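Going by the numbering used here, the first residue of the sequence shown is number 19, and it counts up by one from there.
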Amino acid sequence: MKLTILTALCVTAASTASCSSPTHAGDPARTAAPALAATPALWGEMKPVVSVKELMRDFIDPASDYVFDAVGIVSTQKNIVETAPKSDADWDKIRTGAVMLAEGAYLLKVPRPFAPAGDENNSTGPDPEELSPAQIKAKLEADPVLWNAKIEALRNVGLEVLAIVKRRDAKELWDAADNLDQACESCHLAYWYPGEKEFLKKLDRRLDELYGIRADRTRKLGMDPK
Ligand code: HEC
Numbered sequence: 019m020k021l022t023i024l025t026a027l028c029v030t031a032a033s034t035a036s037c038s039s040p041t042h043a044g045d046p047a048r049t050a051a052p053a054l055a056a057t058p059a060l061w062g063e064m065k066p067v068v069s070v071k072e073l074m075r076d077f078i079d080p081a082s083d084y085v086f087d088a089v090g091i092v093s094t095q096k097n098i099v100e101t102a103p104k105s106d107a108d109w110d111k112i113r114t115g116a117v118m119l120a121e122g123a124y125l126l127k128v129p130r131p132f133a134p135a136g137d138e139n140n141s142t143g144p145d146p147e148e149l150s151p152a153q154i155k156a157k158l159e160a161d162p163v164l165w166n167a168k169i170e171a172l173r174n175v176g177l178e179v180l181a182i183v184k185r186r187d188a189k190e191l192w193d194a195a196d197n198l199d200q201a202c203e204s205c206h207l208a209y210w211y212p213g214e215k216e217f218l219k220k221l222d223r224r225l226d227e228l229y230g231i232r233a234d235r236t237r238k239l240g241m242d243p244k
């Protein structure tokens, strides 16, 4: 259904470059506008420089710090120190992080090794914490739609933060930082350390046995329950 609408749009707007879906072989709309087939989807080739692991360490993670570091509450025995953006320079930093995340997320669509050659992650031993790069790759290849959904989720938080910067809404930045954390963690749990979920469940059961309390992992850390 969506595809039909898109095709119709492509016919009426045959001169635009945005209708270059590759799935139209034999489609009458295609034969009516053969010039579209030659329109490249990108301005040039995308070539990776580093592995996913290095892209995380040297790009995605530092980008996210612009957002994570912008809000926070640290309580010491003496006082409570709250961090929130105030000056133009503070908001500029957050915008830098948001743009890096929103744009940089798509670098994860460029096929690249998951780790540098010879790096097997913590994937060996009896109870390995992490999947090996080969295992991560196999997971992605089995379901590329999921990988792309995680990328879109990260990009969406970048867009959310950009909108917040425009409105200078420091309060909403808290929620956005939380959403960002979720976007990172949900991909890591799916691809990097999927054993962790099981581990946390086991830990909860053990705490319950020992102390009769159930750790609530849906509650935000450091925040008052609502
Ligand atoms: C689309 C999936 C995905 C998203 C979204 C994602 N990551 Fe990752 N990240 C990975 C994978 C996969 C690895 C493990 C790669 C490996 O070690 O083979 C990883 C590894 C890492 C590492 C380890 C790097 C190292 O040197 O060991 C850090 C740090 C990291 N991610 C931070 C983040 C942060 C912060 C975010 C959110 C702002 C994020 N990631 C979002 C997939 C993702």
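Beta carbons: idealized from backbone N, C-alpha and C, even for Gly. Only a predicted model underlies this, so the values are computations on that prediction, with no experimental measurement involved.
- Secondary structure at Thr101: strand, using DSSP grouped into helix, strand and coil.
- In the three-state DSSP reduction, Gly90 falls in the strand class (E or B).
- In this structure, Trp109 has its beta carbon at no less than 7 Å from each heavy atom of the ligand HEC.
- The beta carbon of Phe77 sits no closer than 7 Å to any heavy atom of the ligand HEC.
- Membership of Ala181 in the alpha helix (DSSP H) is indicated by the continuous run Pro162 to Arg185.
- Pairing Pro134 with Lys65 gives a Cβ-Cβ distance that is not under 8 Å.
- Secondary structure at Leu225: helix, using DSSP grouped into helix, strand and coil.
- Put simply, the region 170-181 does not touch the region 139-154. Fewer than three CB pairs are less than 8 Å apart.
- Cβ neighbours of Trp192 within its own chain (closer than 6 Å, five residues either side excluded): Val89.
- Residue Lys127 holds the alpha-carbon nearest to the alpha-carbon of Leu60 among Ser82, Lys127, Ile98 and Trp109.
- Contact between Ile182 and Glu190 holds: their C-beta atoms lie close to 5 Å from each other, under 8 Å.
- Excluding sequence positions up to five before and after Gly136, its CB lies less than 6 Å from no other CB in the same chain.
- Residue state for Met64 is assigned as coil, using DSSP reduced to three classes.
- Out of Lys220, Val163 and Leu225, the CA that lies nearest to the CA of Cys205 is found in Val163.
- Following the DSSP letters along the chain, one finds Glu72 inside the alpha helix (DSSP H) bounded by residues Val70 to Leu73.
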